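Heads up: the structure comes next, in structure tokens.
Right, here's the structure in full:
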């Protein structure tokens, strides 16, 4: 009976971790689609509107180490409850905001609560996973479904109601999910686990330090590309794909959703590769493949731009199973939540400045050519840095702990 309860708890933990990954990526894509309406409603330029989310994006990363530390020291399930309920309430507040200041503050609060997921939820997932790459790949699908569904539902809700509904409806869904999750935890259906199912051979101290330095650079590059691309896609599609969108927000949101659905499909392949091949080379190849497609995106239009956007975002997302596996490999198990939190300072905090880069370059040049050229250079730097990662010995370790 006890073994059945543990397996049921593990399955539910993995399920809520995947759902939470989708939820954690909702607020930014919703905002970038809503920004197309807010430019007119607030009478602000594109760069000025996207600046409203910068504080939220920075807190999304900067608050992650504290969330991870609390997950390690207090409770993963407790922190996940706070994530669901807090993020949902903050999104509802965003939908109720009426001035640029209030919108910015509500988005900052949303970013603060949403910061809990990655350091806590992914560490939780890794703890339960026997095949980490595959588990992270499946989890990554949900991470890509989040932006896709956010863009699509935002387009529908804005088209038929308003940009406020685009925040309030998913906010209510998060609160409902949080209530269900909390109830399962209180009833003991979902229980806390502190034991890894897969135990790695500990790396040397020298390899840990070396991996930490290199990953600090590459993860910042990953985040910078991701953060700059997110606000760029709706805007560039509105300008260069008018024959496919008819200039409407709903049509634009459908195309953005297609890009992120394609990125989600890539996660399974990326996860299998992370389990089958050396993580170092899977990771480097993901950056190498991004370079030509980022460069092409700067000058293309029409259907060819859509195809290139699908590939470049898919490959960027495809780096994540290997990246997260590398973090899990080189971080001590008891500090894994904190380690993932430090990662997301770089990918979503410091790299949240990618939003500023996107807005400023567009306002200065009136186009996205130079943005994508800069991002191609960033991917090149990451590929070169990845070569300095430690060479892996045997990663296989022990059988899954029951």
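Residue numbers (the working numbering): 13 to 414. Quick reminder that beta carbons are idealized off the backbone N, C-alpha and C, glycines included. Bear in mind that the values here come from a model prediction, so they are computed numbers and not experimental data.
Going by C-alpha positions, residue 305 is about 20 Å away from residue 367.
Where residue 95 is concerned, the enclosing alpha helix (DSSP H) starts and stops at 88-108. Contact check between the stretch 71-86 and the stretch 128-138: three or more CB pairs, one atom from each, fall below 8 Å, which counts as touching. Here the C-alpha atom of residue 44 lies approximately 18 Å from the C-alpha atom of residue 359.
Fully contained in the stretch 165-241 is no beta strand (DSSP E) run of length 3 or more. Every unbroken stretch of the alpha helix (DSSP H) spanning 4 or more residues and falling wholly within the stretch 269-329 is given here in chain order: 291-309. Within the model, the alpha-carbon separation for residue 171 versus residue 109 is close to 19 Å. Judged by DSSP secondary structure, residue 122 falls within the alpha helix (DSSP H) whose first and last residues are 112-126. Under the DSSP assignment, residue 134 falls outside any alpha helix (DSSP H); it carries neither an H nor an E label. By the Cβ-count criterion, residue 247 is buried, with 16 or more other Cβ atoms from all chains shown falling within 10 Å of its own Cβ. For residue 84, the enclosing alpha helix (DSSP H) has its first and last residue at 76-85. Burial is judged here by how many other beta carbons sit within 10 angstroms of a residue's own beta carbon; residue 289 has fewer than 16 and is exposed. At least 8 Å separates the beta-carbon of residue 295 from that of residue 220. When Cβ pairs closer than 8 Å are counted between the two stretches, the stretch 90-98 is seen to touch the stretch 185-197, the count reaching three or more. If you look at residue 377, you'll find it in the alpha helix (DSSP H) that goes 365-377. When secondary structure is reduced to three states using DSSP, residue 331 falls in the coil class, being assigned neither helix nor strand. Counting C-beta pairs with one atom in each stretch, the stretch 374-391 and the stretch 262-270 have fewer than three that are closer than 8 Å, which means they do not touch.
Shown here, residue 356 sits in a helix according to DSSP, grouped into three states. Using a 10 angstroms sphere on the CB of residue 255, the tally of other CB atoms stays under 16, which defines it as exposed. By the C-beta density criterion, residue 249 is buried, having at least 16 other C-beta atoms within 10 angstroms. Shortest Cα-Cα distance from residue 276 to any of 33, 153, 324, 337 involves 153.
Residue environment analysis places residue 84 among the buried positions, since at least 16 neighbouring C-beta atoms fall within 10 angstroms of its C-beta. Apart from the 5 residues on each side of it in sequence, residue 320 sits with its Cβ closer than 8 Å to the Cβ of 305, 308, 309, 312 in its chain, given in chain order. Excluding residues up to 5 positions away in sequence, 96 lie with their Cβ nearer than 6 Å to the Cβ of residue 189 in the same chain. In this structure, residue 286 and residue 333 form a Cβ contact; the two beta carbons are roughly 4 Å apart against a cut-off of 8 Å. Straight through space, the alpha carbons of residue 61 and residue 202 are spaced by roughly 41 Å.
In the structure shown, residue 24 falls within a helical segment according to DSSP collapsed to helix, strand and coil. Leaving aside the five residues that flank residue 20 on each side, none in its chain has a CB nearer than 6 Å to its CB. For residue 383, the uninterrupted alpha helix (DSSP H) run begins and ends at 381-398, by DSSP. Residue 329 and residue 394 have their C-alpha atoms roughly 14 Å apart. Residue environment analysis places residue 316 among the exposed positions, since fewer than 16 neighbouring C-beta atoms fall within 10 angstroms of its C-beta.
DSSP places residue 33 within a helical segment (H, G or I) once states are collapsed to three. Taking a 10 Å sphere around the C-beta of residue 39, we find 16 or more other C-beta atoms and assign the residue as buried. Residues 41, 45, 265, 268, 269 of the same chain have their beta carbon placed closer than 6 Å to that of residue 163, with the five preceding and five following residues left out of the count.
At the C-beta level, residue 322 and residue 302 stay beyond 8 Å of one another.
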